[in-house]
Amino acid sequence: MMQIEIDFETADNIIKASLLYQYHSIKEEIERQKSIESPQEYQKEDLKYNEKFLDACITVLKHYTVDDERPEELKDET
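In terms of our numbering, the sequence shown is numbered consecutively and its last residue is 667.
If you want it as structure tokens, here you go:
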């Protein structure tokens, strides 16, 4: 069995990149869902779920990133 070893910094960078991708993807999906004129009940539930998922993603993203690495709308105001 082949093992791949990476250092902690590389692992953190992979996690950050993945979270940033997830954040932008969820935001786009929420915007798409909000543009549906007469959503079905399941579409309303999907939107509500994605909004909660986005909040969770933001929390984890803020844990793994410093202010300079975050999207502009997530930077802490000082």
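Glycine is no exception: its CB is placed at the ideal position from the N, C-alpha and C atoms.
*With 16 other CB atoms within 10 Å as the buried threshold, where does Tyr-631 fall?*
Counted from its first residue, the sequence shown places residue 631 at position 42. Counting Cβ neighbours within 10 Å, Tyr-631 comes out exposed, since fewer than 16 surround it.
*Ile-647 and Tyr-610 look like a contact to me (Cβ under 8 angstroms); what is the Cβ gap, rounded to whole Å?*
As a first step, residue 647 is located in the sequence shown; it is residue number 58 there, counting from the start. As a first step, residue 610 is located in the sequence shown; it is residue number 21 there, counting from the start. Not really, about 14 angstroms apart at Cβ, beyond 8 angstroms.
*Just the Cα atoms here: how many angstroms apart are Phe-597 and Thr-654?*
As a working mapping, residue 597 is identified with position 8 in the sequence shown. As a working mapping, residue 654 is identified with position 65 in the sequence shown. Approximately 14 angstroms, taken between the alpha carbons.
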